[in-house]
Amino acid sequence: MNCPDPALRRQLPLIQKIIADETWLEGERRGQPVEPTDEVVRENVCQVVLRVGADLRARATESPPAS
6 MNCPDPALRR QLPLIQKIIA DETWLEGERR GQPVEPTDEV VRENVCQVVL
56 RVGADLRARA TESPPAS
C-alpha cells in the first residue's frame, strides 16, 4: 500500500491488529472462522477506529520514531 502520510504509516500496525482482533472475535461469536473482509468485521473495525482514531493520530503526529 502506498502510504505517503508518515503518521498513517505509523498507525498501520495498530490498525492491522484491530482488524485481526475483530476478525477473531467475530469468528468466536459465530463459532466458525470469518474473513477480515466480512461486513460485520469491517463495521466493527470502523467503530473501533472511530473511537480511538483521534488518539492514534495525536500520538502518531506528536512523536515520530527515531531513525
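Here the numbering used here is used: position 54 in the sequence shown is 59, and no number is missing along the way.
Positions of the beta carbon are idealized from the N, C-alpha and C atoms, including for glycine.
- By the CB criterion at 9 Å, Gln16 and Leu61 fall inside the cutoff.
- Here Val53 carries a helix assignment [DSSP, helix/strand/coil].
- Here Glu67 is exposed, its C-beta having fewer than 16 other C-beta atoms within 10 Å.
- Distance from the CA of Gly36 to the CA of Arg47, rounded to the nearest whole angstrom, comes to 18 Å.
- Per DSSP, the unbroken alpha helix (DSSP H) holding Thr28 starts and ends at Pro11 to Arg35.
- It is roughly 32 Å from the alpha-carbon of Ala12 to the alpha-carbon of Pro38.
- When rounded, the separation of the alpha-carbon atoms in Ile24 and Val50 is 6 Å.
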